[in-house]
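Each remark here refers to the structure printed beneath this line.
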Ligand SMILES: *[C@@H]1O[C@H](CO)[C@@H](O)[C@H](O)[C@H]1NC(C)=O
Ligand SMILES: *[C@@H]1O[C@H](CO)[C@@H](O)[C@H](O)[C@H]1NC(C)=O
Ligand SMILES: *[C@@H]1O[C@H](CO)[C@@H](O)[C@H](O)[C@H]1NC(C)=O
Ligand SMILES: [Cu+2]
């Protein structure tokens, strides 16, 4: 039995702690990357900046160091090195030459077209989306982040990677590491130990919305995908990265302007960093993102909701259905739909069957919720190559409403959790996990039940100007702080994961005798470092609850370090209140699906709730937060501290440190 056979035979059971520990021993991850020596000649492992083409992917040259490859049974893991420079940049820069009039120039190296609107942006190696990481399970990923942004720090989160054994590489500033200062380089170094369509983004300030995000795909040999028989190709060129986009840098909307009611909504979307924008009756003419296929194949598309604002999107491809096979890196029993809603931070893998001829076809991304009023949408192109149709010009712009939808239209992940088979909506709670679900999740009550009620705290002018609380100005002009259990999260002055002794005890929110973290006695709203302690190995059930009046805001919550089982979700009513649910919570196992699926990001229905469950077997400080960027920056977040400090491996020697500087005042 080869190393890989051994490794892969454990794959199905990998969710179990024992198997994970075994894997970690093989990969040295339980003892941290410190024990894995760094190769001297790292440049020999440097990866190309651009996505590779299908020939290079399918037929790698002998001895190639390129990590984007088909993952083959028995193959040795690789080292994948990336050198990234982060800087201020602009769309339609000099690199774009005569673009958009000269379309060829729009594809020049370092030309960022975005939606054709000129603005200042932030980039990694002058690309949007930022360069892709595409590796096989077990590969070692090493990324040097060179911060070349004057006056700005950065920190990058690898969204979907569990970082077990490399907890200090999770990239949450002042929780797992210090922010990376201007003119310094930080080396991320971790193993790709969980498969799937992930992505990465800056977790520092609002940088993600200005361009600092990209693809991160961890593939496995097809034999180990329970849906592997449903597709023929899984190619680097078949990623659909959807981002939302503004005309002004993101900071301009934080806290938001009162007079012009600027709010924080998206002005447009990008598909693989491209598209057009409409202002009044005029449109820019930059090229659309394009996916090329051949007729008669089944392609795996990896779709990423690289969104930041409160507008989810609905993805539809004209003339084609989408066979959903995975979400957030976890397989689901296949479900065929016409559209998928994506919220900030979610990913979906679908099989596209190219049964049509003709075309080209539109890929339509419609903005939902508050983006419906402004009819914000974006188009991409699905082109069949090798046929005359591939040469045909694009059909007319179908506008926000798009093309006619089929009868018995089916949509995955509907807003407001309106999940009824038959009337078209299919929710995450109704999907079926093709892998076995452990007994302690499906059959037993949890060790810990914790209620997290999130929402907003209105700040009246007096409260606002008598303090320096963080706030946002909503499109209606309200000044709001964002909260979980009435607490607005603020970061400590040093990361508790790597510098626990440098965090003063009084910055943490107080914990009650009943183990609940609350505002200090007598306060119904406060700002503090909200950390919830969880014993290592316990089965945790969280009620994520939104008691606010029903609206079109479905807040997507993302948990770092884990995937969780999606047990139940729904909306409250007069007969079914939060209080009634909490009362009943510890009394029976709450599972809608016969085999609940795993996700790491889930939209909680407005005026409703979700029950999620996971085994806390990954020690560390794990951020749990609303993935709407302006909500997390104004406090809608908590940190789960799993296990003790001694359970977490020590960071590499010389790991950067930081903290407040207030020298002693000398009395004379
Ligand atoms: C577009 O620009 C390139 C130079 O970047 C030039 O070679 C080419 O002729 C131009 N195409 C047209 C149609 O003007
Ligand atoms: C949160 O605040 C609301 C009112 O602002 C209050 O009714 C509620 O009891 C508070 N919850 C907690 C857990 O303190
Ligand atoms: C979701 O619910 C809100 C509040 O009832 C409503 O305004 C909105 O239209 C609903 N959205 C959809 C797509 O049904
Ligand atoms: Cu939110």
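In our numbering, the protein residues as written are 1003 to 1670.
Ideal Cβ placement from N, Cα and C applies to all residues, glycine included.
Just so you know, these numbers come straight off a predicted model, no measurement behind them.
Check                                                                                                                                   : Outcome
Three-way DSSP call (helix, strand, coil) for residue 1478 in this model                                                                : coil
Proximal residues to residue 1148 (C-beta, below 8 Å), its chain only, five neighbours per side dropped                                 : 1085, 1086, 1087, 1088 and 1187
Proximity test, residue 1107 beta-carbon vs ligand 1 heavy atom, cut-off 7 Å                                                            : yes
Local Cβ density within 10 Å of residue 1467, reported as buried at 16 or more and exposed below that                                   : exposed
Residue 1475 classed as buried or exposed, judged by whether at least 16 other C-beta atoms fall within 10 angstroms                    : buried
Contacting residues, own chain, Cβ-Cβ under 6 Å from residue 1321 (five flanking each side not counted)                                 : 1358 and 1363
N-terminal and C-terminal residue of the beta strand (DSSP E) that residue 1612 is part of                                              : 1610 to 1617
Contact between the stretch 1108 to 1124 and the stretch 1245 to 1252 (3+ Cβ pairs under 8 Å)                                           : yes
The beta strand (DSSP E) enclosing residue 1326, as first and last residue numbers                                                      : 1324 to 1329
Validate contact between the stretch 1172 to 1191 and the stretch 1271 to 1282 using beta carbons, cut 8 Å, 3 pairs                     : no
Any non-hydrogen atom of ligand 3 closer than 7 Å to residue 1575 Cβ                                                                    : no
For residue 1508, three-class secondary structure by DSSP                                                                               : helix
Close-in-space but distant-in-sequence residues of the same chain around residue 1553 (CB under 6 Å, 5 per side omitted)                : 1608
Test item: CB-CB of residue 1346 and residue 1318 under 8 Å                                                                             : no
Nearest residue (CA-CA) to residue 1653, options 1180, 1577 and 1152                                                                    : 1180
Reference residue 1329; option with closest CA among 1368, 1239 and 1598                                                                : 1598
Cβ-heavy atom distance, residue 1099 to ligand 1, below 7 Å                                                                             : yes
Residue(s) in a DSSP beta bridge with residue 1318                                                                                      : 1341 and 1366
Reduced DSSP category for residue 1648 - H, G, I as helix; E, B as strand; rest coil                                                    : helix
Residue from 1665, 1643 and 1602 with nearest C-alpha to residue 1164                                                                   : 1602
Separation of residue 1298 from residue 1078, as counted between CA atoms                                                               : 33 Å
Distance, residue 1661 Cα to residue 1184 Cα                                                                                            : 16 Å
heavy atom of ligand 2 below 7 Å from residue 1412 C-beta                                                                               : no
heavy atom of ligand 3 below 7 Å from residue 1267 C-beta                                                                               : no
Contact the stretch 1622 to 1636 vs the stretch 1553 to 1565: 3+ CB pairs below 8 Å                                                     : yes
For residue 1164, three-class secondary structure by DSSP                                                                               : coil
Any non-hydrogen atom of ligand 1 within 7 Å of residue 1231 CB                                                                         : no
Neighbourhood of residue 1067 by C-beta, 6 Å cutoff - its chain only, sequence neighbours within 5 removed                              : 1047
beta-carbon residue 1633 near ligand 4 non-hydrogen atom, thresh 7 Å                                                                    : yes
Supposed contact pair residue 1131 and residue 1207 - C-beta distance, whole angstroms, cut 8 Å                                         : Going by Cβ atoms, the distance from residue 1207 to residue 1131 rounds to 19 Å, so no, they are not a contact pair.
heavy atom of ligand 2 below 7 Å from residue 1488 C-beta                                                                               : yes
Runs of beta strand (DSSP E) lying entirely within the stretch 1540 to 1621, each at least 3 residues, in chain order                   : 1541 to 1547, 1557 to 1561, 1566 to 1573, 1603 to 1606 and 1610 to 1617
Contacts around residue 1620, its chain only, beta-carbon distance under 7 Å, and the 5 residues preceding and following it disregarded : 1164, 1166, 1563, 1564 and 1644
Runs of beta strand (DSSP E) lying entirely within the stretch 1119 to 1184, each at least 3 residues, in chain order                   : 1122 to 1126, 1132 to 1138, 1142 to 1149 and 1158 to 1161
Inter-stretch contact (C-beta, 8 Å, three-pair minimum) for the stretch 1376 to 1386 and the stretch 1287 to 1295                       : yes
Three CB pairs or more closer than 8 Å across the stretch 1049 to 1064 and the stretch 1194 to 1202                                     : no
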